[in-house]
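Residue numbers (full-length UniProt numbering): 1 to 468.
For every residue, glycine included, the Cβ atom is placed at its ideal position computed from N, Cα and C.
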């Protein structure tokens with residue numbers, strides 16, 4: 001037993017252990033908020049000890065976040081606390097997340113969250129949580145937590161492979177982490193010390209992906225770039241949390257631990273809860289017209305947008321498969337995505353009015369791939385930006401999950417036949433790869449329980465050490 005100012009903590013957990021109070025502050029994008037909410041549910045579901053969570057987000061996000069955490073909230077294990085974002089010139093009134101914001105608008109949202117620092121500091125002083133889990137945009141919160149004797153952790157919503165390739169000090173190898181900005185040419189190669197076992201160590205990435213990666217090192221309006229915020233935040237914190245496991249990304253986790261010289265805690269891959277409620281009747285009727293596994297489903301998440309030319313090639317490629325398909329496509333301005341001329345009429349004739357999706361064309365967000373595996377889908381990987389490219393390399397080339405759509409190296413162009421061929425390869429006999437192996441792994445209750453219990457045990461040990 002270790003004595004401390006926040007009460008006695010039993011490092012071994014169990015029903016007699018004092019609840020560990022964790023405060024969470026994700027970046028204001030739902031691609032970040034959702035993994036934090038998933039982790040909150042995992043913490044609260046752990047059998048090894050009791051945990052309570054305070055979840056901070058902009059006021060406009062509170063209803064949606066509360067809905068994500070409804071089961072945990074009803075049990076009293078989590079409270080969602082609103083932050084009032086200060087007004088920032090140029091940021092749309094009432095903006096609370098990156099949804100429907102331009103890239104410049106998203107940068108202004110970072111400025112607004114920075115300006116909310118006094119609110120966060122006041123909450124830390126008032127609530128005195130045992131641990132704080134932070135995203136990449138708020139390195140200052142680690143400093144404020146440390147001043148109060150509170151342990152802070154950087155929680156990465158990205159895969160370990162993406163962080164290892166892009167977000168390590170070796171990318172800017174001076175002590176302060178602010179050396180010369182890497183060019184696209186340099187980003188085509190893996191950083192120094194990158195795991196030799198990785199296919200990326202030998203091949204690097206094509207030019208179009210490296211060009212996209214330069215965003216990590218670009219500044220907007222004099223604000224710190226993503227790489228600077230991320231590295232500064234990790235250096236200021238007491239440890240790092242990744243939503244992965246040694247079985248899937250062990251070499252990359254080891255590399256990250258060596259790069260940052262920080263303790264690394266693994267929360268395990270976060271598997272979404274099964275969907276609740278009934279499918280909309282029109283889609284249920286459409287899906288029921290086809291055998292199980294016949295439908296191809298294409299979706300690119302809420303914040304990945306295909307250019308018009310890519311949309312055309314994707315849809316025509318799906319049509320060319322001769323299979324029934326359903327494509328969910330978004331645009332940054334919320335306007336309807338217009339299909340190619342006469343496409344709707346041809347598809348209506350070829351595929352009678354839209355379950356059992358058997359093939360999933362995905363943008364390769366880590367969570368989306370996990371969801372596809374758990375659902376038993378064959379996977380076609382069509383990454384469009386950033387970490388998605390590195391996720392595709394991990395899943396297709398190392399874990400033998402999914403078929404990548406071939407692309408042109410210089411600009412990333414893909415054509416309709418590339419899409420059609422990738423779907424055909426994924427659904428063919430032998431196209432499953434190791435999908436079943438990883439699906440069984442991800443849906444094994446004992447494995448998931450072990451991830452949750454081990455993570456809470458390690459978190460409790462940190463808190464106990466701090467309280468001693």
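Next item on the list: To the nearest angstrom, report how far apart residue 463 and residue 150 are at their CA atoms.
Entry: Locating residue 463 in the chain shown gives position 463, counting from the first residue. Locating residue 150 in the chain shown gives position 150, counting from the first residue. So the alpha carbons of these two residues sit roughly 9 Å apart.
Notebook entry, point to check: Does the distance from the CB of residue 427 to the CB of residue 418 come in under 8 Å?
Noted result: Numbered from 1 along the chain shown, position 427 holds the residue referred to as residue 427. Numbered from 1 along the chain shown, position 418 holds the residue referred to as residue 418. Taking 8 Å as the Cβ cut-off, residue 427 and residue 418 do not qualify as a contacting pair.
Next item on the list: With a threshold of 16 other CB atoms inside 10 Å of the CB of residue 57, please say whether the residue is buried or exposed.
Entry: Residue 57 sits at position 57 when you count from the first residue of the chain shown. By the neighbour-count rule (16 or more Cβ atoms within 10 Å), residue 57 is buried.
Next item on the list: Give the straight-line distance between the Cα atoms of residue 208 and residue 409, rounded to the nearest whole angstrom.
Entry: If you number the chain shown from 1, residue 208 lands on position 208. If you number the chain shown from 1, residue 409 lands on position 409. If you draw a straight line from the Cα of residue 208 to the Cα of residue 409, it comes to about 6 Å.
Check: Exposed or buried, what is residue 169 when buried is set at 16 or more other beta-carbons lying within 10 Å of its beta-carbon?
Finding: Start at 1 with the first residue of the chain shown, and residue 169 comes out as number 169. By the neighbour-count rule (16 or more Cβ atoms within 10 Å), residue 169 is buried.
Item checked: Counterpart residues of residue 86 in DSSP-defined beta bridges -> Residue mapping note: residue 86 aligns to position 86 of the chain shown, counting from 1. Answer by DSSP bridge pairing: none, since residue 86 is not bridged.
Check: Nearest-angstrom Cα distance between residue 358 and residue 40?
Finding: Residue 358 sits at position 358 when you count from the first residue of the chain shown. Residue 40 sits at position 40 when you count from the first residue of the chain shown. Distance from the CA of residue 358 to the CA of residue 40, rounded to the nearest whole angstrom, comes to 31 Å.
Item checked: Strand pairing of residue 370, partner residues [DSSP] -> Counting from one through the chain shown, the residue named residue 370 turns up at place 370. The partner list for residue 370 (beta bridge, DSSP) is empty, contrary to what the question assumes.
Check: What is the C-beta distance between residue 387 and residue 158, in whole angstroms, given that I count them as a contact (C-beta under 8 Å)?
Finding: Within the chain shown, the letter at position 387 stands for residue 387. Within the chain shown, the letter at position 158 stands for residue 158. The beta-carbon distance between residue 387 and residue 158, rounded to whole angstroms, is 5 Å. This is short enough to meet the 8 Å contact definition.
Item checked: residue 30 beta carbon less than 8 Å from that of residue 99 -> As a working note, residue 99 is residue 99 in the chain shown. As a working note, residue 30 is residue 30 in the chain shown. Going by beta carbons, residue 99 and residue 30 fall inside the 8 Å limit.
Notebook entry, point to check: Who are residue 297's beta bridge partners in DSSP?
Noted result: Numbered from its first residue, the chain shown carries residue 297 at position 297. For residue 297, DSSP records a beta bridge to 326 and 360.
Note to self: Buried or exposed for residue 243, going by 16 or more other Cβ atoms inside 10 Å?
What the structure shows: Indexing the chain shown from 1 puts residue 243 at position 243. With 16 or more Cβ atoms within 10 Å of its Cβ, residue 243 is classed as buried.
Note to self: Only counting the same chain, and skipping five residues up and downstream in sequence, which positions put a Cβ closer than 7 Å to that of residue 163?
What the structure shows: Here residue 163 refers to the residue found at position 163 when the chain shown is read from its first residue. 156 and 256, listed in sequence order.
Item checked: Same chain only: Cβ atoms within 7 Å of residue 19, ignoring 5 sequence neighbours per side -> Start at 1 with the first residue of the chain shown, and residue 19 comes out as number 19. Result list for residue 19: 50, 51 and 52, in chain order.
Margin query: By DSSP's criteria, residue 21 is part of a beta bridge. Which residues make up the other side?
Written below: Within the chain shown, the letter at position 21 stands for residue 21. According to DSSP, residue 21 bridges with 52.
Checklist line | Counterpart residues of residue 240 in DSSP-defined beta bridges | finding: Here residue 240 refers to the residue found at position 240 when the chain shown is read from its first residue. Per DSSP, 154 and 264.
Checklist line | Inter-residue spacing [alpha-carbon to alpha-carbon] between residue 129 and residue 313 | finding: By one-based count along the chain shown, residue 129 stands at place 129. By one-based count along the chain shown, residue 313 stands at place 313. Going from the Cα of residue 129 to the Cα of residue 313 covers about 51 Å.
Note to self: Quick check: the Cα distance between residue 437 and residue 360, rounded to an integer number of angstroms?
What the structure shows: Counting from one through the chain shown, the residue named residue 437 turns up at place 437. Counting from one through the chain shown, the residue named residue 360 turns up at place 360. Each residue's Cα considered, the two are about 17 Å apart.
Next item on the list: Could you tell me which of 366, 449 and 166 sits nearest to residue 399, measuring between CA atoms?
Entry: As a working note, residue 399 is residue 399 in the chain shown. Measuring from the Cα of residue 399, the nearest candidate turns out to be 366.
Checklist line | Cβ-Cβ separation, residue 264 to residue 133 (assumed contact under 8 Å), whole Å | finding: Taking the chain shown and counting its residues from 1, one reaches residue 133 at position 133. Taking the chain shown and counting its residues from 1, one reaches residue 264 at position 264. Not quite, the Cβ-Cβ distance comes to about 14 Å (not below 8 Å), so this is no contact.
Next item on the list: To the nearest angstrom, report how far apart residue 187 and residue 235 are at their CA atoms.
Entry: Locating residue 187 in the chain shown gives position 187, where the first residue counts as 1. Locating residue 235 in the chain shown gives position 235, where the first residue counts as 1. About 22 Å.
Checklist line | Closest residue to residue 430 among 62, 226 and 401 (Cα-Cα distance) | finding: As a working mapping, residue 430 is identified with position 430 in the chain shown. Among 62, 226 and 401, the Cα nearest to that of residue 430 is on 401.
Note to self: Quick check on this structure: which residue in 92, 121, 67 and 284 has the alpha carbon closest to the alpha carbon of residue 25?
What the structure shows: Counting from 1 along the chain shown, the entry for residue 25 is found at position 25. The option with the nearest alpha carbon to residue 25 is 121.
Note to self: Beta-carbon within less than 6 Å of residue 397's beta-carbon, same chain only, minus the 5 sequence neighbours each way: which residues are those?
What the structure shows: Taking the first residue of the chain shown as position 1, residue 397 is located at position 397. Non-local beta-carbon contacts of residue 397 in its own chain, meaning distances under 6 Å to residues more than five positions away in sequence, involve 199 in chain order.
Notebook entry, point to check: Going by C-alpha distance, which of 317, 324, 323 and 299 is nearest residue 331?
Noted result: Position 331 of the chain shown, counting from 1, holds the residue named residue 331. Minimum Cα distance to residue 331 is reached at 299.
Note to self: I need the DSSP call for residue 378, collapsed to helix, strand or coil.
What the structure shows: Within the chain shown, residue 378 is the residue found at index 378, counting from 1. Residue state, collapsed to three classes: strand.
Checklist line | Alpha carbon of residue 211 to alpha carbon of residue 296, nearest angstrom | finding: If you number the chain shown from 1, residue 211 lands on position 211. If you number the chain shown from 1, residue 296 lands on position 296. About 31 Å.
Check: What's the C-alpha gap between residue 104 and residue 66?
Finding: Mapped onto the chain shown, residue 104 falls at position 104. Mapped onto the chain shown, residue 66 falls at position 66. Approximately 28 Å between the Cα atoms of the pair.
Item checked: Nearest-angstrom Cβ-Cβ length linking residue 378 and residue 435, presumed shorter than 8 Å -> Residue numbering aside, residue 378 sits at position 378 when the chain shown is read from its first letter. Residue numbering aside, residue 435 sits at position 435 when the chain shown is read from its first letter. Correct: roughly 7 Å between the Cβ atoms.
Margin query: Residues in the same chain with beta-carbon distance under 6 Å from residue 90, minus the five sequence neighbours each way, listed in chain order, please.
Written below: As a first step, residue 90 is located in the chain shown; it is residue number 90 there, counting from the start. The beta carbon of residue 90 sits closer than 6 Å to the beta carbons of 108 from its chain, once the five residues preceding and following it are set aside; these are given in chain order.
Note to self: If you reduce the DSSP assignment to three classes, tell me which class residue 168 lands in.
What the structure shows: Locating residue 168 in the chain shown gives position 168, where the first residue counts as 1. Reduced to three states, the DSSP call for residue 168 is coil.
Check: So what's residue 247 in DSSP terms, helix, strand or just coil?
Finding: If you number the chain shown from 1, residue 247 lands on position 247. In the structure shown, residue 247 sits in a helix (DSSP, three-state: H, G or I).
Next item on the list: From the DSSP output, in three-state form, read off residue 303 for me.
Entry: Start at 1 with the first residue of the chain shown, and residue 303 comes out as number 303. It is coil, neither helix nor strand.
Notebook entry, point to check: In angstroms, rounded to a whole number, what distance separates the CA positions of residue 113 and residue 101?
Noted result: Counted from its first residue, the chain shown places residue 113 at position 113. Counted from its first residue, the chain shown places residue 101 at position 101. Those two C-alpha atoms are separated by around 15 Å.
Note to self: If the criterion is Cβ atoms closer than 8 Å, does the pair residue 54 and residue 127 meet it?
What the structure shows: Taking the first residue of the chain shown as 1, we reach residue 54 at position 54. Taking the first residue of the chain shown as 1, we reach residue 127 at position 127. Closer than 8 Å, so yes.
Item checked: Spatial neighbours of residue 342 in its chain, beta-carbon cut-off 7 Å, leaving aside the 5 residues before and after -> On the chain shown, position 342 is the one that residue 342 refers to. Model confidence at residue 342 stands at a pLDDT of 47, short of 50, so the residue's coordinates are unreliable and nothing is read from them.
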